[in-house]
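Inspection log for the structure reproduced underneath, given as C-alpha cells.
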Amino acid sequence: MELLHGAVRPYPWGSRTAIAALQGRRMPTEQPEAELWFGAHPADPATLDDGRPLTALISAEPGVLGEDLVKRYGRRLPFMLKVLAAEQPLSLQAHPDAEQAEQGYARENREEVPLDAPERSYVDTHHKPELVCALSEFEALCGFRDPRTSADALGGLDVPELASIVALLRQDDPGQALREAVTTLLTLPREHRTELVGKAVAAAGRAEEHPVHGREYTMLVELGKRYPSDSGVLVALLLNHVFLRPGEALFMPAGNMHAYLRGVGVEVMAASDNVLRGGLTGKHVDVPELLRVLRFEVLSDPRVADVPTGPGVSEWRVPVEEFRLSRLLLDAGAAQQWLDAAGPAVVLCWSGQLRLDDGERPITLRPGQAAFVRADSPKVFVSGFGEGYCAQVPRDTASVT
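According to UniProt numbering, the sequence shown holds residues 1 to 401 in order.
What follows is the structure, encoded as C-alpha cells:
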C-alpha cells in the first residue's frame, strides 16, 4: 500500500472552502478549488510519500496493477477517484464512448491540433462514464427527460418565440423530438439566442411560484443571469433536474448530457479527460461534435441505488468494466476484512479515521487522505471509525492472486 497525496484542480466553478476544510487547511483559499484527484491521469497524477507521481510507480512496477489489468489496459490505472466541490454550475456536457474517443483523438491528431490547445476536444483515446455520490446536498442536470414534460415546462413560460421548440418536443417520436429541439437550440444565431434567453428568463422570473415547474424556473433564472447569451440555459429545461441527499448517487454513461450545478461529491470515472461542451461555460464549446456523440434518448431516472455487501459496506453497481465504488461506514471498534488482492484500489477517508492493515505496512487515513492498494498486496483489513470510499476494478476484470 502507498499513501497518496491528491492533486487539487483550481477550476473557476469550485469552492474556496470545501476541499480545504476536508483537508484541514486554512480557508477560504486564494482561488477556487474544484476537484481533488486521486489517480494516475497524466494531466495531474496523485503523488506518493516519496514525491514520485503514481504514474511513475505504475510505469516502474506494472505488477501493482495486476497481470490481467496490464493485458487489458496497458500500464495505466483505468479509473480515477476524485472529490468534486461545485459552488457554480459546471458546463453542459457529454462524454464520448470508446469508439468515438479513438476516432476523435485520431482526427484531431491528423488536423495537428496541439494536445494542450484550448480548442481541442479529445485529449486521450478513452471513454469517460462516471458515477458521483453526494457528500452534501447535491443538485444536478442529468440526462434527457420525457420531451413532453419539457414541452410543458417551456410552454408554461408563455413566450411566443418558444412555440416552435415546444412543437418539436411534442412529436410522437421522443428521440426525434429531442434531436430536433436540442439541435435547433444549440445552433441558434447569437443575436437570436440572446433575445430568446432574455425573454425566457424574464418569464421564468415571473413564474417562480409555479406549482409544478417553479424550481426549474428558479434554476433557469439563475443560469440566465450567469449566461445571458447561452442557449444552453434553455436546453437545461430538457434535462432531469435532480436533487441528491448525502449518500445518493448518479450514473452518467457515454452520450448523456449533464451539468452538475452545486454540491460536494465523491466521483469515480474511467480515467479520461474527454469532454464535449455545449454551453454554460467560458471554455471551448464544440456543438457539432457534441451533437454527434449525444444519445437522444430518455433517461427516466439517472439515480443508482447502492447495494449492501457486508456489515457497514455498500456498493454502487454500474455497467462499466473500469471501476466500481464502495462506501464504508465504520463504528468505533469495528473491524472487518474489506479488500483483498483483487485490487488495485484507491481508498479515500471522508470522515473519522481509517486504518488499513495488510500485515506489512499499515496506513492510517484522516479526512481528505487516500491510499493506493496494490494488486499484489496481501489481504487488507480496515478498522477505526468514520466514512470511507473505495474505487477499484470489478472483481471479474481484476487480477486475483
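No residue lacks a Cβ here, since even glycine has one placed at the ideal position from N, Cα and C. Because the structure is a prediction, the values reported are computed rather than measured.
Buried or exposed by the 16-neighbour rule on C-beta atoms within 10 Å, applied to residue i
{"i": "residue 226", "result": "exposed"}
{"i": "residue 285", "result": "buried"}
{"i": "residue 388", "result": "buried"}
{"i": "residue 34", "result": "buried"}
{"i": "residue 460", "result": "Lying before the first or after the last residue shown, residue 460 is absent from the chain, which here runs from 1 to 401."}
{"i": "residue 332", "result": "exposed"}
{"i": "residue 379", "result": "exposed"}
{"i": "residue 14", "result": "buried"}
{"i": "residue 31", "result": "exposed"}
{"i": "residue 341", "result": "Residue placement at residue 341 cannot be trusted, given a pLDDT of 47 that sits under 50; what the coordinates show is reported in the next sentence. Residue 341 should be labelled buried."}
{"i": "residue 121", "result": "buried"}
{"i": "residue 109", "result": "exposed"}
{"i": "residue 45", "result": "buried"}
{"i": "residue 89", "result": "buried"}
{"i": "residue 327", "result": "buried"}
{"i": "residue 126", "result": "buried"}
{"i": "residue 410", "result": "Shown here, the chain extends from 1 to 401; a query on residue 410 therefore has no answer."}
{"i": "residue 41", "result": "buried"}
{"i": "residue 265", "result": "buried"}
{"i": "residue 39", "result": "buried"}
{"i": "residue 19", "result": "buried"}
{"i": "residue 399", "result": "At residue 399 the pLDDT is 36, less than 50, meaning the model places this residue with poor confidence; the figure from the coordinates comes in the next sentence. By the 10 Å Cβ count, residue 399 comes out buried."}
{"i": "residue 307", "result": "exposed"}
{"i": "residue 344", "result": "buried"}
Closest by C-alpha distance to residue i, when choosing among the options
{"i": "residue 279", "options": "149, 223, 378", "result": "223"}
{"i": "residue 146", "options": "175, 121, 155", "result": "175"}
{"i": "residue 330", "options": "323, 206, 310, 345", "result": "310"}
{"i": "residue 296", "options": "263, 244, 213, 180", "result": "180"}
{"i": "residue 349", "options": "319, 382, 323, 96", "result": "382"}
{"i": "residue 314", "options": "55, 377, 68, 247", "result": "247"}
{"i": "residue 292", "options": "347, 375, 101, 192", "result": "101"}
{"i": "residue 184", "options": "230, 66, 308, 69", "result": "230"}
{"i": "residue 252", "options": "220, 302, 11, 321", "result": "302"}
{"i": "residue 153", "options": "137, 213, 16", "result": "213"}
{"i": "residue 243", "options": "52, 196, 134", "result": "134"}
{"i": "residue 373", "options": "386, 384, 390", "result": "390"}
{"i": "residue 294", "options": "281, 49, 254, 123", "result": "254"}
{"i": "residue 288", "options": "201, 393, 94, 326", "result": "94"}
{"i": "residue 11", "options": "25, 104, 29, 23", "result": "29"}
{"i": "residue 385", "options": "354, 299, 72", "result": "354"}
{"i": "residue 323", "options": "394, 364, 70", "result": "394"}
{"i": "residue 240", "options": "216, 249, 263", "result": "216"}
{"i": "residue 352", "options": "361, 365, 344", "result": "365"}
{"i": "residue 299", "options": "53, 307, 178, 363", "result": "178"}
{"i": "residue 221", "options": "211, 281, 198", "result": "198"}
{"i": "residue 363", "options": "49, 203, 172, 27", "result": "49"}
{"i": "residue 58", "options": "191, 290, 76", "result": "76"}
{"i": "residue 200", "options": "233, 170, 191, 172", "result": "233"}
{"i": "residue 376", "options": "68, 47, 25", "result": "68"}
{"i": "residue 169", "options": "158, 160, 150", "result": "150"}
{"i": "residue 171", "options": "190, 159, 148", "result": "148"}
{"i": "residue 160", "options": "182, 173, 196", "result": "196"}
{"i": "residue 202", "options": "218, 290, 91, 98", "result": "218"}
{"i": "residue 207", "options": "182, 228, 157", "result": "157"}
{"i": "residue 72", "options": "173, 189, 283, 321", "result": "321"}
Residues bridged to residue i (per DSSP)
{"i": "residue 2", "result": "372"}
{"i": "residue 241", "result": "141"}
{"i": "residue 269", "result": "80, 130"}
{"i": "residue 232", "result": "For residue 232, which the question treats as bridged, DSSP gives no partner whatsoever."}
{"i": "residue 287", "result": "Per DSSP, none; premise fails for residue 287."}
{"i": "residue 212", "result": "Residue 212 pairs with nothing; no bridge assigned."}
{"i": "residue 258", "result": "93, 142"}
{"i": "residue 250", "result": "132, 303"}
{"i": "residue 392", "result": "324, 345"}
{"i": "residue 263", "result": "86"}
{"i": "residue 276", "result": "94"}
CB contact check: residue i to chain C, cutoff 9 Å
{"i": "residue 96", "result": "This model lacks chain C altogether; it includes just one protein chain."}
**Q.** Inside the region 6–86 only - beta strand (DSSP E) runs reaching at least 3 residues
**A.** 7–9, 35–38, 79–86
Q) Taking only runs of the beta strand (DSSP E) that begin and end inside the region 124–201, which ones reach a length of at least 3 residues, in chain order? A) 130–134, 138–144
(Q) Is it the case that the region 3–11 contacts the region 359–379, given that we only count it when at least three CB pairs across the two stretches are under 8 Å? (A) yes
Q) Would the region 258–268 and the region 141–156 be scored as touching if the rule is three or more Cβ pairs under 8 Å? A) yes
Q: Mind listing, in chain order, the continuous beta strand (DSSP E) runs of no fewer than 3 residues lying wholly within the region 299–371?
A: 306–310, 313–316, 324–339, 345–357, 363–365
Q | Inter-stretch contact (C-beta, 8 Å, three-pair minimum) for the region 119–134 and the region 159–177 | A | no
(Q) With a threshold of 8 Å, are at least 3 pairs of Cβ atoms found where one atom belongs to the region 74–89 and the other to the region 267–278? (A) yes
Q. Quick check: the region 60–67 against the region 109–126, are there 3 or more CB pairs under 8 Å?
A. no
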